[in-house]
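Protein chains in written order, with this note's numbering: chain A, 1 to 318; chain B, 1001 to 1238; chain C, 2001 to 2287; chain D, 3001 to 3369; chain E, 4001 to 4254.
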Amino acid sequence: MLRDGLGLLLIIAAGAAGYWLFPDNLALLTRVIAVALLVLSIDLIVGYCGVATLGQATLYGAGAYAAGMACLRGVTEPMTLIVIGAAAGAMAGLVMGTIMLRAHGLAQLVLSIAIVQLAHEAANKASAYTGGSDGLAGFSPSPLFGTFEFDLWGRTAYLFGLALLVLVFILLKFVVASPFGMLCRGIKEDPVRIRSMGAFVFPVLLKMFIISGAVAGMGGALAAISTQVVGLDSVSFELSANSLVMLVLGGLGSLYGALIGTVIFMGFEHFVSAINPFHWMTMVGALLIAVVLVAPGGLSGLIDRALPGMRDKGGQRP
Amino acid sequence: MPAESLEVRNLSAGYGPTVVLEDMSFSVSAGSRLSILGRNGMGKTTLLASLMGLTKRYGGEIRLDGKDVANLKSCDRARQGLGLVPQTRDIFRSLTVEENLLAGLKGRPRSALQEAYEMFPRLRERRRNLGWQLSGGEQQMLSTARTILGRPSVLLLDEPLEGLAPVICDELMAAFARLAATGEMTILLVEQRIESALDFADSVMILERGHIVWQGTSEALRADQNLVEQYIGVGSLH
Amino acid sequence: MQTVFSIAIDAFAYGMALFIICIGLSLTMGLMRVINLAHGAFAMIAGYIASYAQRELGTGYAIALLLSILGTIVISIPVERFLYRRIYGSPQLTQVLMTIGITFCVIGITNFFFGPTLKTIPLPASLAAPVDIGFRTVAGHRLFVMACGLVVAAGLWFLIEKTAFGIKLRATVDNAGMADALGIKTQVVYAISFAIALGLAAFGGVVGAEFLPIEPYYALRYMVTFLVVVSVGGAGSIPGALLACLVLGAIDTTARYLMPDFGNFFFYAAVIAIVCVFPRGFLGRAQ
Amino acid sequence: DTIKVGIIGPFSGPFALQGKNFQAGVEAYMALNGKSVKGHDIEVIYRDLPAANPQQSRALAQELVVKDKVQYLGGVYFTPDAMAITPLLTQANTPLVIFNAATSAIMTQSPLVVRTSFTTAQTTTPLGKIAVERGIKKVITAVSDYGPGIDAEVAFKKAFEAAGGQVVESVRMPLNTNDFSPIMQRVRDSKADAVFAFLPSGPTTLGFVKAYNETGLKQAGIKFLAPGDLTQESDLPALGDGALGLLTTFHYAVSHDSPENKKFVEAAAKAVGGIDQLSFPAVGAFDGMHVIYKMIEATDGKQDAQKAVNAVKGLAWTSPRGPVSIDSETRHITENIYLREVAKGADGKTYNKEIQTFPNQKDPGLPTP
Amino acid sequence: MSDLFRVEGLSKSFGGLAVSRNIDLAMAAGDRLALIGPNGAGKTTFVNLVTGQIRPSAGRVLLNGEDVTGLGAVRRVRRGLVRTFQVTRLFSDMTPEEHVTLTVLQREGKASRILGRFRGSAEVAGEVETLLRTLGLLDVARRKVGEIAYGQQRLLEIAIALALKPKVLLLDEPAAGVPSSETPRIEQALEHLPSSLAVLMIEHDMDLVFRFARRVVVLAAGEIIFEGLPSQVAANEKVREAYLGNYAHARRVA
Ligand SMILES: Nc1ncnc2c1ncn2[C@@H]1O[C@H](COP(=O)(O)OP(=O)(O)OP(=O)(O)O)[C@@H](O)[C@H]1O
Ligand SMILES: Nc1ncnc2c1ncn2[C@@H]1O[C@H](COP(=O)(O)OP(=O)(O)OP(=O)(O)O)[C@@H](O)[C@H]1O
Ligand SMILES: [Mg+2]
Ligand SMILES: [Mg+2]
């Protein structure tokens, strides 16, 4: 309990520090928050349930497009848009979960890829609604509480995103520490065992898919609100794969790991691509290799080792 | 390869940061039979695994016929003559029974498989089945047969009777005894069925929390009921 | 009718090209249990070597092919020794992280040294010429690819299922600690298998270059295709991979002929359907 | 003082070559025209956006404006990325000069956008007339299924049918098509006289042209028509002799014969690292820098986006591609479109040979006043 | 005597191999049955069939008079048909305490609650502690299962099964890997089970079998070859030949 409080304080402090230290990079930081929500949502099903996915952007994109289309049709209140995004993500999660949970392991991974590719293709085809490959543009959310504009400087978007992230994080903390969270961890290790304890596996995982979809959908909606355009990239395999890489980088099965991974990956990418826009890819590759060599369990494992007291009890890594 | 002697000096080993065995020394002469006893979690498995090179070693020597093998990787130790039948059986689940046996041949001709099938006729019947399909006892037979096929000069048996029907247990112990008697193998046996273990061994070693707390002959241990109660548990010997 | 035959020939050639490139990956993923996302990167390296050998050194196609396979294996040795060896037996996602990292590095480095343009591997006249097969002409290299695919499939199947090395490899993968304890030199086994897998990647990269042209982004561009094919076939199964390549190649080709606008829909819908019916892929090994 | 210009483009990733050409164009312009305007030093800041990603695009633009304090934004390869930047421009008081992104709609999103590249409709339209002139009556179109591909299909169909031709079939191919032989089979079955194609540059183009040759369509006399993106100079070596005879229309060929182009090619080839890698985005960037220089001149270094944009409306000059001007209504570039044929030069290398000129083409996709 | 549990004509074959042939067996409340037989006789398969891990080729399984043959494994567990595994199946990353807590919560239908802490009620905690104490696992209760000795893992398997409060308990070699000094713990735990419970135990440790069982069934090659009192088993020639071997003359049984 104490530990969780402390962790939360740290997140808020880091968020505030971002606001004061990088006032000129708030659009980037807002993007980090949106992706962090996506990565958190992946952690829920990969890290806590052991369901491999390379298609999570389906859920993120569902949220983004839903928010964008709603906004274009006159629903411009930002909080409502977030709720719409969450609902769309949750629905997409329900569908995706129903399909993906039919298979296991590698086959499951491939299902997730097939789903995201289909979703991508569908979004491309339905250009009357989604703008196709040119992107969905031309909508603008109304000011938050009627006063704070989503403007060039991106302060509103950032603080709004940060508040959303903290809220979601607290809720997820409860989710993973609940009996349900523990059940998911059990399923991750051995579903046969869980069945012989008398628990159905499918509904539990499906529930987690829905929660995960809602979180990813909120991330998508936040992105749509803050950039006022939704592109096909938000339902792409690339985004799914990148965010999975961020999660593994940070450490699976730990909510902090998801945040750390996102911040480090995107920060590093931004930093090196600004220094050398032409060859940053090599350096990102080197970073990933280095992390596997030094901290195979992800970066949050390093921090665990450094600060044993800070361990995230809700989900120890394998 | 004829049986070889085994000498362990100041061996310390464990898993990751935990040290399970501390400063352990003992020796077994060529062709003899040693039983290792001890309660649950006292380090018997760890000892055999360390001899095979499957745990983390913190120090000490392991001499096979005088040659120190402690710095060798486990495949090289296997080539020097050590052979382990692990407690967890560790059969290759995705290989057939026959392929499992072939994997243990260590370069001997394929015809040697007959030895295994003679020892366990059940395996011959099941030779086309995949490892994971076998029953618990069949897996145990396979694990034992696979290691013995490699003709180790020092055989390490970790609870080889677990899960086997009594009728087979007796035959198997007899087979082990024969192998030792021909002077082909030195055998170290960890076994929970103390009767069988004492019947088999010429000397006995008791482990407690990673230390050797008693060493002697089977007869001496049989004679000392107190000792048995202290280290192994009440009512173990009838 | 002629159209049907014609499409069938195209589908078969495309499927075989996919097979040659993917089979090495199926080996790494199914037998060595390494999710090697950098597989395509090695195929690409081979392509660059072949292209370089032909254009700069002026060697013939056959020599270039040989050089590229050897070169790729030589390059792979230190990579295996210092990077891959660290992730054998690691959780799959750790492997994903490492191999994506390797892919990024390879892409970055190729871009730096060879530039971002496409590289071609000129075909010898004998393969470039169209061959008349009665009802239509087929490019010679397509027939060559089909033949190569069949030879590779047969050879590899024999190696893995019927030789002592195959048993050692499968034993090592199943339980490396125990294989080690039985005297199998697991590191050597791994290194050799890895070299074989990458040699196949190299072979596929060069032979299949007419289908999947060589450029720095090769590895990322086709990663999904490779992963899908291997998994649908069932990782580690050679007949499975062959079947998957032929079935998916046929679906892809036919769908693109009949309804090109929805080609991808059919492809991925078929993948979903197949996986739902065969959750381990066509002929997956029990894990 | 120093005036900063922020350039957003794909400097890494699969489209890195196009980004490199942006940079080459910019550097060539600065090498030829100096690094300062009226005493204001000019500093260019590059930001990498490897693939279409509007969110990142917006973040980069915002950072360039707010943190780096650039007064001008330029570059942008993909349409959605441009769309994500346009809402910021007014507040940022910054004009955006588009070096590439080729959808008409961008121009209507903000009054502060100027384009020095082309639109797909603009480069494609003349092809319709040419086709009919060359006796082609029936055409099958095959385009990649994404924005520019559809633009090209629509523009060609309109122009071709207006000139009296007939589009017998329209095929849209998924972007990640690897094997084009089934498409070629369709082309053959359609009994058309020619195929009109549009694909993004790179491996797919190569595959398409190869399949066109290998399946015998070329021998069968079926013509190949396309906008010039397909035969951009950097892809020609890979296409090899298979490309000989392809007909394309485009606004720029590296081989364009004019003194301006000679100077440009020399400077840009040096910047990009070899003439082999030089391609059309470089000229968009070169002219983009020209427009930006003119804007700086007009505002004398003060940040006033509207004034800067107004100053270049109607601006006309001679670009390496020929005479061009900025349309004062649409802020889109008016330029010559050339018909080219892939031919073999004296050095044995293939190049785009300009054989016909269509002067002063506007973007047909935008309402003309 | 009304049967709590009954199987009728249960058969199963893998490929050509008939592993269970027409097995009939019934157990009443309070029954203590030992199922013994040579390796590969089909004992584990029998448990798998009964608990629904695999589907029989023919036959029925009845629990409390209800036909459960068509039900999945989970539903059977919820109706009180509980098993342990011959090879431990545990979550190596969790502690014994967490295992048992999760099981208790699941039994009470609270395991999929999203709201509420895992270690919520004192009641659950108390029950968990009692169970762990009975099986002597209290001092390793908070260590990861992956780090505790195999014998202790076997005990935890039993603890989990007991936490489900089964009506019929099927134990697949509960003492395998548990040293003879520790088997009394298992016996103790079994002795304290409510008498309404029917227990079937598969075991190769004959000492344990004879102390525990009130009835013995011998399975060989998929068929029941003997059913009767423990005192009669050793005397049966067929059983001796197929299974017991020297045990029959050597030990004090008979
Ligand atoms: N992988 C491991 N990591 C950490 N500690 C371990 C591991 N395996 C075993 N231990 C610890 O080492 C000690 C010795 O275990 P070992 O398995 O050697 O006991 P054993 O005498 O063979 O017991 P048993 O009779 O149950 O087989 C135990 O306290 C156990 O908790
Ligand atoms: N899936 C399967 N496919 C093929 N054969 C199988 C399969 N499962 C079990 N068998 C075979 O069925 C027979 C019975 O197996 P089972 O596990 O029921 O034996 P058991 O009586 O429990 O033996 P043990 O005492 O050794 O555990 C064995 O010979 C085994 O090889
Ligand atoms: Mg042990
Ligand atoms: Mg069994």
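Think of the CB as a built atom: it goes at the ideal place given N, C-alpha and C, for glycine as much as any other residue. Here the structure is a predicted model, which is why all the values come from computation and not from measurement.
So, does the CB of S1218(B) fall closer than 9 Å to a CB anywhere in chain C? It does not; no Cβ of chain C falls within 9 Å.
Would DSSP call E3354(D) helix, strand or coil? strand
Quick one: is the Cβ of Y4150(E) within less than 8 Å of any heavy atom of ligand 3? Y4150(E): yes, Cβ under 8 Å from ligand 3.
DSSP three-state call for D3068(D): helix, strand or coil? coil
Local Cβ density within 10 Å of D3347(D), reported as buried at 16 or more and exposed below that: So D3347(D) ends up on the exposed side.
So the candidates are D3304(D), I3008(D), E3027(D); which of them puts its Cα closest to the Cα of F3264(D)? E3027(D)
Status (buried if at least 16 other CB within 10 Å, exposed otherwise) for L4229(E): By the neighbour-count rule (16 or more Cβ atoms within 10 Å), L4229(E) is not buried but exposed.
What residues in the region 3188-3199 of chain D bring their beta carbon closer than 8 Å to a beta carbon of chain G? Absence of chain G from the displayed structure is noted, the protein chains being A, B, C, D and E.
Cβ of E1191(B) within 8 Å of any heavy atom in ligand 3? no
At the 9 Å Cβ level, is Q316(A) part of the contact set with chain D, yes or no? Low per-residue confidence applies at Q316(A): pLDDT is 34, beneath 50, and the placement is therefore not dependable, though the value from the model is reported in the following sentence. Not closer than 9 Å to any Cβ of chain D, the Cβ of Q316(A) fails to qualify, so no.
Member of M281(A), G213(A), G135(A), S140(A) whose CA lies at the smallest distance from the CA of V168(A): G213(A)
When V2188(C), F2265(C), A2064(C), K2185(C) are compared against L3175(D), the one with the closest alpha-carbon: F2265(C)
What are the start and end residues of each continuous beta strand (DSSP E) run of 3 or more residues lying completely inside the region 196-275 of chain A, in chain order? none
H1211(B), enclosing beta strand (DSSP E) - first and last residue: In the DSSP assignment, H1211(B) falls within the unbroken beta strand (DSSP E) covering 1211-1217.
Examine ligand 2 and report whether any of its heavy atoms sits within less than 8 Å of the Cβ of A2038(C). no
Does DSSP classify V3195(D) as helix, strand or coil? strand
Residue from I42(A), Y19(A), G18(A) whose Cα sits closest to the Cα of A241(A): If we check each option's Cα against that of A241(A), I42(A) comes out closest.
Taking C-beta pairs closer than 9 Å, name the residues in chain A that V3066(D) reaches, listed in chain order. P23, D24, N25, L26, A27, L152, W153, G154
So which residues of chain C does E1099(B) contact, with C-beta pairs closer than 8 Å? I2167, R2170, A2171
Cβ neighbour criterion (16 or more within 10 Å) applied to Q4152(E): buried
State buried or exposed for C2148(C), treating a residue as buried only when at least 16 other CB atoms are found within 10 Å of its CB. buried
Beta carbon of G2281(C): closer than 8 Å to some heavy atom of ligand 1? no
Environment of V1085(B) [buried if 16+ CB atoms lie within 10 Å]: buried
Sequence-distant residues of its chain with Cβ nearer than 6 Å to I260(A) (five each side left out): G250, L299, S300
Could you tell me the alpha carbon to alpha carbon distance between S4020(E) and G4222(E), rounded to whole angstroms? About 4 Å.
CB-CB under 7 Å to A1070(B), same chain, minus the five flanking residues each way: which ones, in chain order? R1057, G1060, E1061, I1062
F2135(C) versus V2277(C), A2269(C), I2272(C), V2004(C), residue with shortest Cα-Cα distance: V2004(C)
Report whether the distance from the Cβ of F4046(E) to the nearest heavy atom of ligand 2 is below 8 Å. yes
So, using beta-carbon positions, are K3020(D) and V3254(D) closer together than 9 Å? no
Roughly how many angstroms lie between the CA atoms of I4160(E) and A4122(E), to the nearest whole one? 19 Å
Quick one, are the C-beta atoms of S3319(D) and F3286(D) less than 9 Å apart? Yes, Cβ-Cβ distance for S3319(D) and F3286(D) is below 9 Å.
What residue range does the beta strand (DSSP E) around K3138(D) cover? 3138-3144
Verify the CB distance criterion: does V4074(E) have a CB-CB separation below 9 Å to chain A? By this cut-off, V4074(E) is an interface position.
Hey, could you find the ends of the beta strand (DSSP E) T3086(D) is sitting in? Unbroken run through T3086(D) is the alpha helix (DSSP H), 3079-3092; no beta strand (DSSP E).
With 16 as the cutoff for other CB atoms within 10 Å, does N1025(B) come out buried or exposed? The question names Asn, yet the displayed sequence has Ser at residue 1025(B). Per the 10 Å Cβ criterion, exposed.
Mind pulling the alpha helix (DSSP H) runs of 4 or more residues that sit fully within the region 4039-4111 of chain E? Given a length threshold of 4 residues, each whole run of the alpha helix (DSSP H) inside the region 4039-4111 of chain E is given here in chain order: 4043-4051, 4073-4078, 4096-4107.
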